[in-house]
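Notes follow once the structure below has been shown.
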Amino acid sequence: MAKNDRSIGELFSEVSDQLSRLVRAEINLAKAEIQGRLQKIGTGTGLVLGAVILAFYLLGVVIATAIIALSIPFEPWLAGTIVAVFLLLVIALLAWLGIREIKKGTPPTPLQAIESTKQDVTVIKEGIHQ
């Protein structure tokens, strides 16, 4: 039987097989791409975490340096108190700003999406009734 003499059923079967292989190949490609990206994300996350840990140590060094520098004109206990009060003010400001932002985002409902969906339903209902 020549290649041109195949039946429609055979052609559909061949197309179906090829389409199935193509879909599987695309899925495998997507999996490989996602795995590669996840590995990069994992590596990047580890590096950023290492930087954050070192930043905490750096913060300790900066605080100690500030206390030592302030202990020149002031008594060491007063220098420590000044730095502690400054840090307390920064912490309070950051906490206040953070709480304010959290309150702006609560409750976490997608109000625009809900309104848009309601409008879509209304338009569909009007289209059906016409």
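Adding 5 to a residue's 1-based position in the sequence shown gives its number in our numbering. We treat Cβ as the ideally placed atom computed from N, Cα and C, and that holds for glycine. Only a predicted model underlies this, so the values are computations on that prediction, with no experimental measurement involved.
On the criterion of 16 or more Cβ atoms from any shown chain inside 10 Å, does residue i qualify as buried, or is it exposed?
| i | result |
| --- | --- |
| V67 | exposed |
I'd like to know whether the C-beta atoms of residue i and residue j end up nearer to each other than 9 angstroms.
| i | j | result |
| --- | --- | --- |
| A71 | V88 | yes |
| A74 | A84 | yes |
| E19 | R11 | yes |
Is there at least one Cβ from chain D nearer than 9 angstroms to residue i's Cβ?
| i | result |
| --- | --- |
| G41 | Included in the structure is just one protein chain, with no chain D present. |
Nearest to residue i by CA position, among the options, is which residue?
| i | options | result |
| --- | --- | --- |
| G65 | V53, G55, P78, L92 | L92 |
(request) Identify every run of the alpha helix (DSSP H) within the segment 38 to 117, keeping only runs that are complete inside it and at least 4 residues long; order them along the chain. (result) Counting only runs of 4 or more, we get 81 to 109.
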